[in-house]
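J.: Quick one: this structure, given as structure tokens, is what I'll be asking you about.
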Amino acid sequence: MNGGSFNVPSAGPLTMSSREIADLVDSRHDKVKQSMERLAEKSVITFTPVGEKSSGGRPGTVYLVNKRDSFVVVAQLCPEFTARLVDRWRQLEQERADGAPAPLTGSQLMAAALIEAKATLQAMDQRTRVAEQVVERIASAEGTLGVREAAKALGIGQNALVEWLENHRWVYRQAPSAPLQAYSDKITDGRMAHRLRTFTRPDGSERVETQAVVTGKGMAVLAKLIPPTARLIGGAQ
1 MNGGSFNVPS
11 AGPLTMSSRE
21 IADLVDSRHD
31 KVKQSMERLA
41 EKSVITFTPV
51 GEKSSGGRPG
61 TVYLVNKRDS
71 FVVVAQLCPE
81 FTARLVDRWR
91 QLEQERADGA
101 PAPLTGSQLM
111 AAALIEAKAT
121 LQAMDQRTRV
131 AEQVVERIAS
141 AEGTLGVREA
151 AKALGIGQNA
161 LVEWLENHRW
171 VYRQAPSAPL
181 QAYSDKITDG
191 RMAHRLRTFT
201 RPDGSERVET
211 QAVVTGKGMA
221 VLAKLIPPTA
231 RLIGGAQ
């Protein structure tokens, strides 16, 4: 542990930086930040990014978290280092109180923190399991969705979904204004299908065209690949 110097503010809530957490658990700072970002994306913790000047003089960014969230981060990274975290928080709190003894012993603090961190992670796992069950039901559902309906179900804009589908070779257009068509391999594997649509021309004649639609299996795959649904079920890291 590097044991760097950290300022304790005289007012406001106490926080701990991602760099200090990295020192406590003997891990690389960038790895700690990545773990914190994943937890924040799943709404498990929140952090405040602040700039810092490293020893090399180049600016960098650290993440500040409160006491509760610091225990969640350490429980996710290296639970065996929780005792170090407890000791550090006692030090911070005693410095804030000008040397006043902490109301709880180190073992009591650690037990309470571990219980809270475990409950938080269990809640996150439960949300993940529920989301995965929903995806499984979607995959087995009959019927298809047009691109507009699929985008609404995924919580993104229609144009954003079309762009994703085109970039990942799910659909294409034969002309700029032509309807979307599904690639044959996506039809073969059951992710996409074609729907016939009939239009009445101004002269009264009818025109039939095919349009790409997303199947239940395709929606299940997209839910794991496209935010914000992917963040809930852990499909996109």
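Per the UniProt record's numbering, the very first residue in the sequence shown carries number 1; after that it's consecutive.
C-beta: ideal position from N, C-alpha, C; glycine also.
Everything numeric in this text was worked out from a predicted model, so none of it was measured.
#1: Quick one: using the 10 Å Cβ neighbour count with 16 as the cut-off for buried, is R191 buried or exposed?
#2: Strictly by DSSP, which residues pair up with R207?
#3: Is T61 near E52, with beta carbons less than 8 angstroms apart?
#4: Please list the terminal residues of the continuous beta strand (DSSP E) segment that includes residue 244.
#5: Are M36 and V74 touching if we call contact CB-CB under 8 angstroms?
#6: What is the C-beta distance between S18 and V32, in whole angstroms, given that I count them as a contact (C-beta under 8 angstroms)?
#7: Would you mind reading off the limits of the alpha helix (DSSP H) that contains W164?
#8: For A212, which beta-bridge partners are listed by DSSP?
#9: Leaving aside the five residues before and after V221 along the sequence, list all residues of the same chain whose C-beta is less than 7 angstroms from its C-beta, in chain order.
#10: In the DSSP assignment, what are the bridge partners of Q181?
#11: Is it buried or exposed for residue 267, if we count other Cβ within 10 angstroms and need 16 for buried?
#12: Contact between the stretch 201-208 and the stretch 152-159 is defined here as three or more beta-carbon pairs at a separation below 8 angstroms; is this criterion met?
#13: Buried or exposed: which applies to Y172, given that a residue is buried once 16 or more other Cβ atoms fall within 10 Å of its Cβ?
#14: Please report how far the alpha carbon of K224 lies from the alpha carbon of Q91, in whole angstroms.
#15: Considering T82, what are the terminal residues of the alpha helix (DSSP H) in which it resides?
#16: With burial defined as no fewer than 16 other Cβ atoms inside 10 Å of the residue's Cβ, what is the status of D30: buried or exposed?
#17: Give me, in chain order, the residues of the same chain whose beta-carbon lies closer than 8 angstroms to that of P13; leave out the 5 immediate sequence neighbours on both sides.
#18: State the DSSP-derived secondary structure class of P79, mapped to helix, strand or coil.
#19: State the beta-bridge partners of T48 as determined by DSSP.
#20: According to DSSP, M219 sits in a beta bridge with which residue or residues?
#21: Quick one: using the 10 Å Cβ neighbour count with 16 as the cut-off for buried, is T188 buried or exposed?
#22: For the alpha helix (DSSP H) containing A33, list its first residue and its last residue.
#23: Take the Cβ of E143 as the centre, count every other Cβ of all protein chains shown within 10 Å, and call the residue buried at 16 or more, exposed below.
#24: Just list the residues that DSSP pairs S17 with in beta bridges.
#25: Answer with buried or exposed for A175, where buried requires no fewer than 16 other C-beta atoms within 10 angstroms of its C-beta.
T.: Let me lay it out:
#1: buried
#2: F199
#3: yes
#4: This structure cannot speak to residue 244, because the chain is shown only from 1 to 237.
#5: no
#6: 5 angstroms
#7: Q158 to N167
#8: H194
#9: R191
#10: Y172
#11: Past the edges of the chain, shown from 1 to 237, lies residue 267, and the structure says nothing about it.
#12: no
#13: exposed
#14: 43 angstroms
#15: T82 to R96
#16: exposed
#17: N66
#18: helix
#19: L64
#20: Paired residues: none, contrary to the question.
#21: exposed
#22: Looking at the sequence itself, residue 33 is Lys, so the reference to Ala does not match. H29 to E41 is the span of the alpha helix (DSSP H), which, as asked, contains K33.
#23: Looking at the sequence itself, residue 143 is Gly, so the reference to Glu does not match. Classification for G143: exposed.
#24: L64
#25: exposed
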